[in-house]
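Asks: My structure is below; once you've seen it, I'll send some questions.
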Amino acid sequence: MSPSKRRATPTLLIIGGAEDRVGKATVLRRFVRLAGGRKAKIVLIPTASSFQDEVTEAYTEVFTRLGAPAPSVVNPQSRQESHDEALVALVDEATGVFMSGGSQLKLSQRFPGTPLGDALHRAHDRGAVVGGTSAGASIMSQFMISMGDEGITPRQRHSQLSAGLGLLQGVIIDQHFAQRSRYGRLMSMVAASPSLIGIGIDEDTAIEVRDRSGFTVHGAGAVFVLDCREAVSDAPDARRGAPLMVSGAVVHSLPAGATFDLSEVHLVDFVEKHADAAVALASAKA
3 MSPSKRRATP TLLIIGGAED RVGKATVLRR FVRLAGGRKA KIVLIPTASS
53 FQDEVTEAYT EVFTRLGAPA PSVVNPQSRQ ESHDEALVAL VDEATGVFMS
103 GGSQLKLSQR FPGTPLGDAL HRAHDRGAVV GGTSAGASIM SQFMISMGDE
153 GITPRQRHSQ LSAGLGLLQG VIIDQHFAQR SRYGRLMSMV AASPSLIGIG
203 IDEDTAIEVR DRSGFTVHGA GAVFVLDCRE AVSDAPDARR GAPLMVSGAV
253 VHSLPAGATF DLSEVHLVDF VEKHADAAVA LASAKA
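My numbering puts the first residue of the sequence shown at 3, with every later residue one more than the last.
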């Protein structure tokens with residue numbers, strides 16, 4: 003069975019944006035490894051970006067530097083082009099698919115409910131890693147935040163949900179989380195839809211989702227998980243723009259080394275990746 007047809011664990015690598023491309027490139031190195039390394043068949047989707055040529059050049063450089071062959075490019079310019087059989091065939095042969103950042107509305111216009119969107123689901127089902135950064139991260143979930151105000155305080159109706167690809171069910175993903183102070187907008191979305199779990203991912207940080215049921219954190223920052231299933235909120239009654247009352251939400255802050263169960267919504271394991279070197283040295287001398 004060829005690498006592109008192999009059956010493996012469905013895997014997503016969802017990146018919070020601004021991932022390191024010039025240093026250790028920890029997160030992108032993980033994507034290349036999951037895609038098959040030297041044997042990888044990577045498809046790059048730069049569609050969300052306003053600078054598609056530059057994005058294509060940048061990711062081609064980093065993927066080849068990390069040992070993978072040059073990626074194929076799938077870049078539909080309209081919903082009609084997402085029916086192109088040649089583009090669908092490239093995704094069907096891929097061992098890894100990577101979606102760049104930019105505008106997630108461009109992705110939601112051209113992928114969900116089209117043959118290319120269906121091909122992404124088939125790729126995920128057969129075990130090809132599907133990765134995305136920034137806008138390419140948001141599109142992974144069934145519903146995504148397509149616009150909204152930033153800030154710490156959750157406010158009524160200051161954000162908007164749009165349909166995503168639905169590769170990961172039951173969650174809302176937000177990105178550039180700490181860097182753009184997006185706690186409030188994610189909390190407002192989850193408080194209004196408490197059956198959904200909010201996942202906010204910092205820059206240069208990723209969650210590796212295995213078998214749709216849990217994830218491990220990689221990278222330099224942290225991942226916030228917001229659980230409002232037992233919370234009380236005035237979301238049904240608050241006027242537009244008012245600060246929301248949310249009481250009883252559960253928040254998990256998960257740096258690299260954390261493994262989290264999405265089905266049961268709890269921490270499974272944690273292995274310290276950011277140990278204090280001075281403390282470690284002092285312990286060794288003791």
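Idealized CB from N, CA, C, for every residue including glycine.
1) Assign Glu-59 to buried or exposed, taking buried as 16 or more other Cβ atoms, counted over all protein chains shown, within 10 Å of its Cβ.
2) Using beta-carbon positions only, say whether Leu-46 and Arg-32 come within less than 9 Å of one another.
3) Rounded C-beta distance between Ala-121 and Asp-86? I'm assuming under 8 Å.
4) Considering only the alpha carbon of each residue, which of Ala-27, Val-75, Leu-68 lies closest to Gly-39?
5) For the alpha helix (DSSP H) containing Ser-142, name the first residue and the last one.
6) Could you check how far apart the C-beta atoms of Leu-269 and Ala-260 are, in whole angstroms? I think they sit under 8 Å.
7) Can the beta-carbon of Ile-203 be found closer than 9 Å to that of Asp-229?
8) Below 6 Å CB to CB, which residues in the same chain sit around Phe-100 once its five sequence neighbours on both sides are set aside?
9) If contacts are defined as beta-carbon pairs under 8 Å, then Ile-154 and Tyr-185 qualify, I think. What distance do you get, rounded to the angstrom?
10) Which parts of the stretch 56–139 are runs of the alpha helix (DSSP H), unbroken and 4 residues or longer, counting only runs that do not cross its ends?
11) Grouping DSSP H, G and I as helix and E and B as strand, with all else coil, what is Leu-36?
12) Which runs of the beta strand (DSSP E) spanning at least 3 residues fall entirely within the stretch 151–186, listed in chain order?
13) Considering only residues of the same chain and omitting the five flanking positions on each side of Phe-217, which have a CB-CB separation below 7 Å?
14) Following the continuous beta strand (DSSP E) through Val-270, name the residue where it begins and the one where it ends.
15) Compare the Cα-Cα distances from Met-149 to each of Asp-236, Pro-73, Ser-105 and report the closest residue.
16) Quick check: the Cα distance between Pro-238 and Ser-136, rounded to an integer number of angstroms?
17) Near Glu-83, what residues of its chain come up, given a Cβ to Cβ distance below 8 Å and the 5 sequence neighbours on each side ignored?
18) Quick one: what does DSSP say Asp-190 is sitting in, helix, strand or coil?
19) According to the neighbour-count rule (16 or more other Cβ atoms, all chains shown, within 10 Å of its Cβ), is His-220 buried or exposed?
20) To the nearest angstrom, how far is it from the Cα of Ala-91 to the Cα of Gly-168?
21) Exposed or buried, which one is Gln-1 when buried takes at least 16 other CB atoms within 10 Å?
22) Return yes when the Cβ of Ile-141 is within less than 9 Å of the Cβ of Gly-115, no when it is not.
23) CB-CB under 6 Å to Phe-272, same chain, minus the five flanking residues each way: which ones, in chain order?
24) For a test of the three-state rule: what should DSSP assign to Thr-28, helix, strand or coil?
25) Hey, could you find the ends of the beta strand (DSSP E) Phe-217 is sitting in?
Replies: For this structure:
1) Around the CB of Glu-59, fewer than 16 other CB atoms lie within 10 Å, so the residue is classed as exposed.
2) For Leu-46 and Arg-32, no; Cβs fall outside 9 Å.
3) Contact doesn't hold; Cβ gap of about 11 Å is too wide.
4) In terms of CA proximity to Gly-39, Leu-68 leads the group Ala-27, Val-75, Leu-68.
5) Ser is not the amino acid found at residue 142; the sequence shown has Met there. Neither: Met-142 is in no alpha helix (DSSP H) and is coded neither H nor E.
6) Taking the Cβ atoms as the reference, Leu-269 lies roughly 6 Å from Ala-260, within the contact range of under 8 Å.
7) In this structure, Asp-229 does not lie closer than 9 Å to Ile-203 by Cβ.
8) If we look at Phe-100 and ignore the five residues flanking it on each side, its Cβ neighbours are Leu-46, Gly-133.
9) With 8 Å as the limit, Ile-154 and Tyr-185 qualify as a contact, their Cβ atoms being about 5 Å apart.
10) Listed in chain order, they are 87–95, 106–112, 117–128.
11) Three-state DSSP puts Leu-36 in a helix.
12) If we require 3 residues or more, the beta strand (DSSP E) runs fully inside the stretch 151–186 come out as 161–165, 170–177.
13) Closer than 7 Å at the Cβ level, and outside the excluded window around Phe-217, lie Ile-209, Glu-210, Val-211, Phe-262, Leu-264.
14) According to the DSSP assignment, Val-270 belongs to the beta strand (DSSP E) that extends over 268–272.
15) The residue from Asp-236, Pro-73, Ser-105 with its alpha-carbon nearest to that of Met-149 is Ser-105.
16) Rounded to whole angstroms, the separation of the alpha carbons of Ser-136 and Pro-238 is 30 Å.
17) Cβ-Cβ distances below 8 Å link Glu-83 to Leu-89, Arg-112 in the same chain, with the five nearest sequence neighbours on each side left out; the list follows chain order.
18) Inspection of the sequence shows that residue 190 is occupied by Ser rather than by Asp. In this structure, Ser-190 counts as helix in the three-state DSSP scheme.
19) When all chains shown are included, His-220 counts as buried.
20) Going by the C-alpha atoms only, they are around 21 Å apart.
21) This structure gives no information on residue 1, because the portion of the chain shown stretches from 3 to 288.
22) Taking 9 Å as the Cβ cut-off, Gly-115 and Ile-141 do not qualify as a contacting pair.
23) Excluding residues within five positions, the ones whose Cβ falls inside 6 Å are Gly-259, Ala-260.
24) Of the three classes helix, strand and coil, the one that applies to Thr-28 here is helix, per DSSP.
25) Counting along the chain, Phe-217 sits inside the beta strand (DSSP E) bounded by residues 216–221.
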